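Data block below; observations after.
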Amino acid sequence: WNVGAISNAVWEGVKLSDVLADAGFPLAEARAGDTDARHVQFAGLESYGASIPIDPVLDPRGDVILAYAMNGAPLPPDHGDTDARHVQFTGLESYGASIPIDPVLDPRGDVILAYAMNGAPLPPDHGFPLRALVPGYVAARSVKWLRRVIVSEDESQSQWQQKDYKLFGPNQTHPDWTTAPAIQEMPITSAITAVKLGPWTTVPPMKAPGGRLLTPPPEARGREAAVTGYAYSGGGRRIVRVDVSLDNGRTWDQARLLADTVKPGPDRASQDHGHKSWAWQRWRYDGVVPFGDGPEGGKVCSTLLVKATDEAYNAQPDGYEAIWNFRGNLTNAWHRYRVCSECQAEKAVNEDNR
Numbered sequence: 001w002n003v004g005a006i007s008n009a010v011w012e013g014v015k016l017s018d019v020l021a022d023a024g025f026p027l028a029e030a031r032a033g034d035t036d037a038r039h040v041q042f043a044g045l046e047s048y049g050a051s052i053p054i055d056p057v058l059d060p061r062g063d064v065i066l067a068y069a070m071n072g073a074p075l076p077p078d079h080g081d082t083d084a085r086h087v088q089f090t091g092l093e094s095y096g097a098s099i100p101i102d103p104v105l106d107p108r109g110d111v112i113l114a115y116a117m118n119g120a121p122l123p124p125d126h127g128f129p130l131r132a133l134v135p136g137y138v139a140a141r142s143v144k145w146l147r148r149v150i151v152s153e154d155e156s157q158s159q160w161q162q163k164d165y166k167l168f169g170p171n172q173t174h175p176d177w178t179t180a181p182a183i184q185e186m187p188i189t190s191a192i193t194a195v196k197l198g199p200w201t202t203v204p205p206m207k208a209p210g211g212r213l214l215t216p217p218p219e220a221r222g223r224e225a226a227v228t229g230y231a232y233s234g235g236g237r238r239i240v241r242v243d244v245s246l247d248n249g250r251t252w253d254q255a256r257l258l259a260d261t262v263k264p265g266p267d268r269a270s271q272d273h274g275h276k277s278w279a280w281q282r283w284r285y286d287g288v289v290p291f292g293d294g295p296e297g298g299k300v301c302s303t304l305l306v307k308a309t310d311e312a313y314n315a316q317p318d319g320y321e322a323i324w325n326f327r328g329n330l331t332n333a334w335h336r337y338r339v340c341s342e343c344q345a346e347k348a349v350n351e352d353n354r
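Okay, here's the thing in structure tokens:
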């Protein structure tokens, strides 16, 4: 996933809570806590498909059948799969996922059933004709090509809810899928998206952690740099600070948080923002890259870092070792970006391809 996958769009749809109320769900009672429902399940239209070579189907002695029983009993649910090619058998299994009912009941939760994106009908790849849109949650919960919505005491029993999109410890390679909770809200993350290097100049003094002033030698030279990127936190939590280091963490400074194009009003959501901070926070930092990491193949290089903090003071871990997991999920460590003195901005690459 590299630094992750994220985008912004203008979504148009109806609030799921309004749809449920129109369908007869006791919304007021549920908001008061008078309901046994704990989850909202979404089921998509896409189906699971598999195939086998056509030869055994055509062979009178091939004995390919559509089975409904095994050992004198109805077919167990785990004996319906097949590896296949050419002759396709399409099952009834569809993509499904669920979320806790709380964000649906929350008037500020902004969970919608979306039918338009950026002023046009949903593109096929984004879920035409209808999709769930659960802001602040992992994308796997915003089910596309929506077929059915179920209010239930139980979460979805689909493969993607029970045996996928879960987080395990760095030591776990054979985890217990049944006890681990499904990923729901996204953690805080940030990324550098562009670095524009300018002319050579003198390296200014910088503050190290703890406030100690580091004054470089007079001959120290660096290149002016404009660094931009985004920060994001799930659950609608607002980004309050972005810290940037141009010298691999020896010194830090705060980036400038760029203004949103549209702000919500005091008593209502704006058309483009919603009730909470669902969109990324863009940021910019202007400074001098000192290129103090030493030579690298005849070049002088430095590592740029970024980390973010949200309004709940959640912060990113500094490295990947403690959060490594065999699925690669939620790897939200500080983003590292390697640049060299001869680099052109568009040719700079991420350190270790992360």
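Residue numbers 1 to 354, in full-length UniProt numbering, belong to the letters of the sequence shown in order. We put the beta carbon where it would ideally sit given N, CA and C, even for glycine. Being a predicted model, the structure only gives us computed values, none of them experimental.
With respect to the 8 Å criterion, residue 225 and residue 257 are not classified as neighbours on the basis of their beta carbons.
For residue 19, the enclosing alpha helix (DSSP H) stretches over residues 16–22.
In this structure, the beta-carbon distance from residue 190 to residue 234 does not fall below 8 Å. Residue 32 places its beta carbon 8 Å or farther from that of residue 96.
Restricting attention to 325, 38, 332, the CA atom closest to the CA of residue 172 is found in 325. Bridge partners of residue 39 according to DSSP: 100, 152. Counting other Cβ atoms within 10 Å of its Cβ, residue 2 stays below 16 and is therefore classed as exposed. Between residue 242 and residue 306, the C-beta spacing is below 8 Å. Residue 160 carries a helical assignment under DSSP once its states are collapsed to helix, strand and coil. For residue 213, the closest C-alpha among the options 253, 330, 221 is that of 253. Sorting 24, 100, 110 by C-alpha distance to the C-alpha of residue 275 places 110 at the top. Put simply, of 34, 206, 188, 223 the residue whose alpha carbon is nearest the alpha carbon of residue 310 is 188. Taking a contact as a CB-CB distance under 8 Å, the pair residue 99 and residue 38 does not count as one, their CB atoms being some 10 Å apart. Taking 8 Å as the cut-off, the Cβ atoms of residue 10 and residue 119 count as close. Distance from the CA of residue 240 to the CA of residue 227, rounded to the nearest whole angstrom, comes to 18 Å. Taking 8 Å as the cut-off, the Cβ atoms of residue 177 and residue 163 count as close. Judged by beta-carbon spacing, residue 19 lies beyond the 8 Å limit of residue 151, meaning their Cβ atoms are not closer than that value.
In the DSSP assignment, residue 226 forms a beta bridge with 196, 286. Residue 30: member of the alpha helix (DSSP H) spanning 27–31, first to last residue. If you check the CB distance, residue 113 and residue 132 come in under 8 Å. Residue 144 sits buried, since 16 or more C-beta atoms from the chains shown fall within 10 Å of its C-beta. Going by DSSP, residue 133 is part of the beta strand (DSSP E) stretching over 131–133.
For the options 303, 201, 244, 186, the alpha carbon positioned closest to that of residue 280 is the one of 186. With a cutoff of 8 Å on beta-carbon distance, residue 331 and residue 320 are scored as near each other. In the three-state DSSP reduction, residue 330 falls in the coil class, being neither helix nor strand. Taking a 10 Å sphere around the C-beta of residue 231, we find 16 or more other C-beta atoms and assign the residue as buried. Here residue 223 really is in contact with residue 198; their C-beta atoms are around 6 Å apart, less than 8 Å. Less than 8 Å divides the Cβ of residue 291 from the Cβ of residue 302. The three-state secondary structure of residue 126, taken from DSSP, is helix. Assignment of residue 141 by DSSP, reduced to helix, strand and coil, places it in the helix class.
In this structure, residue 341 places its C-beta atom within 8 Å of the C-beta atom of residue 300. Its chain contains 227, 229, 304, 306, 335, 337 as the residues whose beta carbon lies nearer than 7 Å to that of residue 192, once the 5 sequence neighbours on both sides are disregarded; these appear in chain order. Within a 10 Å sphere around the beta-carbon of residue 158 sit 16 or more other beta-carbons, which makes this residue buried.
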